[in-house]
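First comes the structure, then the notes that go with it.
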Amino acid sequence: MKPAPFLYFAPNSLDEALLLLAQYGDEGKVLAGGQSLIPTMNFRLAQPAVLIDLNLIAELFYVRAQADGPLHIGAMTRQRTLERDPLIAAHAPLLQATMPHIAHPQIRNRGTIGGSLAHADPAAELPAVALALNAQLRLRSQHNERWVAARDFYRGLFTTALAADEMLVEIALPSLPPRTGWSIQEMARRHGDYAIVGVAATLTLDEQGRCTQATLALLSVGEGPVQAQQAIKLLQGELPTPALLAAAAATTAQIDIDPTADIHASVAFRRHLAQVLTRKALTEAFERAKR
Amino acid sequence: MDNLHTLSVNVNGVTYTRAVEARLLLSDFLRHELNLTGTHVGCEHGSCGACTILMDDQAVRSCIMFAVQSNGHTLTTIEGLTPDGNMQHLHPLQTAFHEKHGLQCGYCTPGFLMTLLPFLAENPHPSDQEIREAISGNLCRCTGYQNIIEAVKLAAQKKAPRP
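In the order they appear, the protein sequences are chains A and B.
Sequence positions in the first sequence follow my numbering and run 1 to 291.
Sequence positions in the second sequence follow my numbering and run 1001 to 1163.
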């Protein structure tokens, strides 16, 4: 199938793109990597009147690290770049480890971090990983700029805090505290397919080996990425024994998530997967934190 | 709404300049405007991988890109692997698919080959698992994949150079 006609702009600067977005507002749609948007347009499920292509805006492609500061990633940075960039490997190993789970190499060559975060697909890995890494998102409009925490960015199915004239331009990832481990686990029918359930976790230990901070975010179990809040509370201040990690996984699966059934999995199977994958994720994060 | 956009793109070493609608998919541009019909269109929504081509030496799906987005870039399609069209001059990866029976109907083959070219350039000695992951984005309904994996291993042994 073919997309419906649209007015096409490919600005060379962010200012120009923001001006176009201010001008066209709701009618305008931003085109990043296009690996979700263009299929949707091919099906004519989306028929934007105006497309603002960001692929020529060089200032949106970057990865920058500061000593002890957050890692800054331009919204148009390709997923393939994140997979290979040594700065990502050094400062955000969880983000790097996530990349092979995202579709296939051909998709990651085009797909971008900002596009995936803003698309807000509940089955996508990056929104959950953004929650697990306490990401801060920089949103720009023609005259304003604001930072929004990833946990405040997601508002439901394919819905974010972005206003019609706003664009996600940068992602900042705070550096991980010492003695922090991480993990991403997911179950998909075929490597690279959308996960039936996925889990991203980090665990930070103090010098006595107690958990001082935990993050736990799941995908494909709700209308957006879901934080396992009760499980996180259970872990805080405690020694992460196998029994505690198992209890946190059970809490995640039974209390923190409210999955729905679809052609791929029943509710009971999703809860089962969530429990198994959460326990695996927490165990791996704990092992990494101890090193 | 029917504004035409001029694009200039190098495909298999030849520069083409055309005026196209923004909504024209890159796969349709190659097939209908340039008559390079070796690039196949399967699902047209980025699932099957049949339309995979190289853009600046990286594998991309041409059915989920607009032709205008290729302006100024260098593309390689399946036709670029055997520029003179002579069956005696097939690319070593093509020969390996032939020898190991890595295709039956051949519909998916251009996509597999274009996916595998950059993969083998970066991973000259891939494991079976790496090959399986590399082709996970390409569907084949004939072979059951085993012979494709054998073909990739043979091509790796032959140290297939890039086109």
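Ideal Cβ placement from N, Cα and C applies to all residues, glycine included.
Using a threshold of 7 Å, state whether the C-beta atoms of residue i and residue j are closer than that.
i, j, result
"Lys1100 (chain B)", "Glu1150 (chain B)", "yes"
"Leu31 (chain A)", "Glu59 (chain A)", "no"
"Leu137 (chain A)", "Leu168 (chain A)", "yes"
"His104 (chain A)", "Gly1137 (chain B)", "yes"
"Ala289 (chain A)", "Arg179 (chain A)", "yes"
"Val197 (chain A)", "Leu273 (chain A)", "yes"
"Ile52 (chain A)", "Ala17 (chain A)", "yes"
"Phe9 (chain A)", "Pro48 (chain A)", "no"
"Gly111 (chain A)", "Gln142 (chain A)", "no"
"His1032 (chain B)", "Met1055 (chain B)", "no"
"Ala1059 (chain B)", "Leu1154 (chain B)", "no"
"Thr1082 (chain B)", "Leu1093 (chain B)", "no"
"Leu277 (chain A)", "Val226 (chain A)", "no"
"Thr1022 (chain B)", "Thr1006 (chain B)", "Before going on, a small fix: residue 1022 (chain B) reads as Ala here, not Thr. In this structure, Thr1006 (chain B) does not lie closer than 7 Å to Ala1022 (chain B) by Cβ."
"Met41 (chain A)", "Pro3 (chain A)", "yes"
"Ser1027 (chain B)", "Val1014 (chain B)", "no"
"Val50 (chain A)", "Gly28 (chain A)", "yes"
"Ala97 (chain A)", "Ile184 (chain A)", "yes"
Buried or exposed for residue i, going by 16 or more other Cβ atoms inside 10 Å?
i, result
"Arg1162 (chain B)", "Legend: pLDDT at Arg1162 (chain B) = 49, less than 50; position of this residue unreliable, value from coordinates given subsequently. Exposed."
"Met1114 (chain B)", "buried"
"Phe43 (chain A)", "exposed"
"Trp182 (chain A)", "buried"
"Leu45 (chain A)", "exposed"
"Arg146 (chain A)", "exposed"
"Leu1075 (chain B)", "buried"
"Ile102 (chain A)", "buried"
"Met99 (chain A)", "buried"
"His1125 (chain B)", "exposed"
"Cys1105 (chain B)", "exposed"
"Gly69 (chain A)", "exposed"
"Met76 (chain A)", "buried"
"Asn144 (chain A)", "exposed"
"Gly1085 (chain B)", "exposed"
"Gly1144 (chain B)", "exposed"
"Glu186 (chain A)", "buried"
"Met1001 (chain B)", "Only weak support exists for where Met1001 (chain B) lies, its pLDDT of 47 falling under 50; the coordinates are left without a value."
"Pro177 (chain A)", "exposed"
Of all the CB atoms in chain A, is at least one closer than 7 Å to the CB of residue i?
i, result
"Ile1064 (chain B)", "yes"
"Glu1137 (chain B)", "Looking at the sequence provided, one finds Gly at residue 1137 (chain B) rather than Glu. For Gly1137 (chain B), the answer is yes, since a Cβ of chain A falls inside 7 Å of its Cβ."
"Leu1006 (chain B)", "It should be pointed out that residue 1006 (chain B) corresponds to Thr in this sequence rather than to Leu. So no, Thr1006 (chain B) is outside the interface."
"Glu1133 (chain B)", "yes"
"Met1001 (chain B)", "Low confidence applies to Met1001 (chain B): its pLDDT is 47, below 50, so where it sits in the model is not reliable, and the reading given next is rough at best. It does: the Cβ of Met1001 (chain B) has a partner Cβ on chain A nearer than 7 Å."
"Thr1095 (chain B)", "no"
"Thr1143 (chain B)", "no"
"Thr1052 (chain B)", "yes"
"Ala1160 (chain B)", "The predicted position of Ala1160 (chain B) is uncertain, since its pLDDT is 48 and thus under 50; a value taken from the coordinates is nonetheless stated next. Not an interface residue."
At least one CB of chain B closer than 7 Å to the CB of residue i: is that the case?
i, result
"His101 (chain A)", "no"
"Pro86 (chain A)", "no"
"Asn134 (chain A)", "no"
"Arg110 (chain A)", "yes"
"Tyr8 (chain A)", "yes"
"His119 (chain A)", "no"
"Asn42 (chain A)", "yes"
"Pro122 (chain A)", "no"
"Ile52 (chain A)", "no"
"His104 (chain A)", "yes"
"Ile171 (chain A)", "no"
"Ile38 (chain A)", "yes"
"Pro48 (chain A)", "no"
"Gln229 (chain A)", "no"
"Gln236 (chain A)", "no"
"Gln185 (chain A)", "no"
"Gln96 (chain A)", "no"
"Gln79 (chain A)", "no"
"Pro3 (chain A)", "yes"
Just confirm the distance between the C-beta atoms of residue i and residue j, as a whole number of angstroms; I'd bet it's less than 8 Å.
i, j, result
"Leu1165 (chain B)", "Val1152 (chain B)", "Here chain B has residues from 1001 to 1163 only, and residue 1165 (chain B) is not among them."
"Leu282 (chain A)", "Leu245 (chain A)", "4 Å"
"Ala201 (chain A)", "Ala149 (chain A)", "Not a contact, Cβ separation roughly 18 Å."
"Leu219 (chain A)", "Glu125 (chain A)", "6 Å"
"Thr1039 (chain B)", "Ile1078 (chain B)", "6 Å"
"Val1011 (chain B)", "Leu1036 (chain B)", "7 Å"
"Ala265 (chain A)", "Thr252 (chain A)", "Not quite, the Cβ-Cβ distance comes to about 16 Å (not below 8 Å), so this is no contact."
"Leu117 (chain A)", "Ile171 (chain A)", "7 Å"
"Gly1111 (chain B)", "Cys1051 (chain B)", "6 Å"
* To do: Pull out every residue of the region 191-222 of chain A whose Cβ sits closer than 7 Å to any Cβ of chain B, in chain order.
  => His191 and Gly192
* To do: Name, going along the chain, the residues of the region 1058-1091 of chain B whose beta-carbon falls closer than 7 Å to a beta-carbon of chain A.
  => Gln1058, Ala1059, Val1060, Arg1061, Ile1064, Met1065, Val1068 and Gln1069
* Output, in sequence order along the chain, the residues in the region 1013-1046 of chain B whose CB is closer than 8 Å to any CB in chain A. => Glu1021, Ala1022, Arg1023, Leu1025, Asp1028, Glu1044, His1045 and Gly1046
* To do: Could you run through the region 1097-1110 of chain B and flag, in chain order, every residue whose CB is less than 9 Å away from some CB of chain A?
  => Flagged: no residues at all.
* Asked: What are the residues of the region 7-29 of chain A that lie near chain B, defined by any Cβ-Cβ distance shorter than 8 Å?
  -> Under the 8 Å Cβ criterion, the region 7-29 of chain A contributes Leu7, Tyr8 and Ala10.
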